[in-house]
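Engineer:
Residue numbers (UniProt numbering): 1 to 229.
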């Protein structure tokens, strides 16, 4: 069986060393990142099975990464936090974190929590390769899309946009999350990128900006999928 890949996201080198030695000793594959930008790249390239995430990162709040991951994935997330208030812990769980550990923590407890999250992953979260609505079918592993039974050729970015919308059909996906996930965290204000991409997608879906039946634009906010209407 291929070892589970664990991505540790923390800006303290000693934390990485401390956790890496223990993860490898338990048979896991260690992956590391010290910023949100670096973590996004590792996630895209290596598809880790679990994230261990510190909230205080040099390029932003770790919760921003939780939101990005949750837009497309249910990958388990274990938060490392020095914020010990009850309200903060509730906020973490409500935002999509699966568990948390307060700093300082013991490595034995960390490993146990990792194993529990991975056990739950095996038992209850079988990977979903097919996303499907009334008119659209998307196959993640092959990057294929069908609209009303007809295959469509989409670019990599078009596919990523559609996958995010199909993960939560009918619900608003914020344009900042779309931009950060598709183009990177340095492009969260470049909304014109999305307008061009959505215009291209509308042509492929025979959708009309004046009579939106597939992709709904929420001006200044984001987009939602309407293909079940």
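Where a beta carbon is used, it is the ideal one built from N, C-alpha and C, also for glycine.
Could you give the DSSP three-state label for residue 8: helix, strand or coil?
Structural biologist: The answer is strand: DSSP assigns residue 8 an E or B state.
Engineer: Decide if residue 46 is buried, meaning its Cβ has at least 16 other Cβ atoms within 10 Å, or exposed.
Structural biologist: Exposed, by the Cβ-count rule.
Engineer: Return the first residue and the last residue of the alpha helix (DSSP H) that residue 46 is part of.
Structural biologist: Looking at the DSSP string, the run of the alpha helix (DSSP H) that includes residue 46 is 36 to 46.
Engineer: Taking just the CA atoms, how far does residue 109 sit from residue 76?
Structural biologist: Near 16 Å, if we compare the C-alpha coordinates of residue 109 and residue 76.
Engineer: Taking only three categories from DSSP, how would you classify residue 159?
Structural biologist: Reduced to three states, the DSSP call for residue 159 is helix.
Engineer: Just checking, does the stretch 155 to 172 make contact with the stretch 45 to 59 on the three C-beta pairs under 8 Å criterion?
Structural biologist: No contact exists between the stretch 155 to 172 and the stretch 45 to 59.
Engineer: Would you give the residue range spanned by the alpha helix (DSSP H) that residue 13 belongs to?
Structural biologist: Note, residue 13: alpha helix (DSSP H), 13 to 25.
Engineer: Compute the distance between the beta-carbons of residue 215 and residue 197, then report whether it is under 8 Å.
Structural biologist: For residue 215 and residue 197, no; Cβs fall outside 8 Å.
Engineer: Indicate the three-state DSSP secondary structure (helix, strand or coil) for residue 95 in the structure shown.
Structural biologist: Here residue 95 sits in helix by DSSP.
Engineer: In three-state DSSP terms, what is residue 175?
Structural biologist: In the structure shown, residue 175 sits in a helix (DSSP, three-state: H, G or I).
Engineer: Just to confirm before moving on: does the CB-CB distance between residue 8 and residue 32 stay below 8 Å?
Structural biologist: For residue 8 and residue 32, yes; Cβs fall inside 8 Å.
Engineer: Would you call the stretch 61 to 68 in contact with the stretch 87 to 96, where contact means no fewer than 3 C-beta pairs closer than 8 Å?
Structural biologist: Counting Cβ pairs under 8 Å, three or more are found: they touch.
Engineer: Considering just the uninterrupted stretch of the beta strand (DSSP E) at residue 201, what are its terminal residues?
Structural biologist: Segment 191 to 204 is the alpha helix (DSSP H) holding residue 201; no beta strand (DSSP E) there.
Engineer: Can you tell me whether DSSP reads residue 33 as helix, strand or coil?
Structural biologist: Reduced to three states, the DSSP call for residue 33 is strand.
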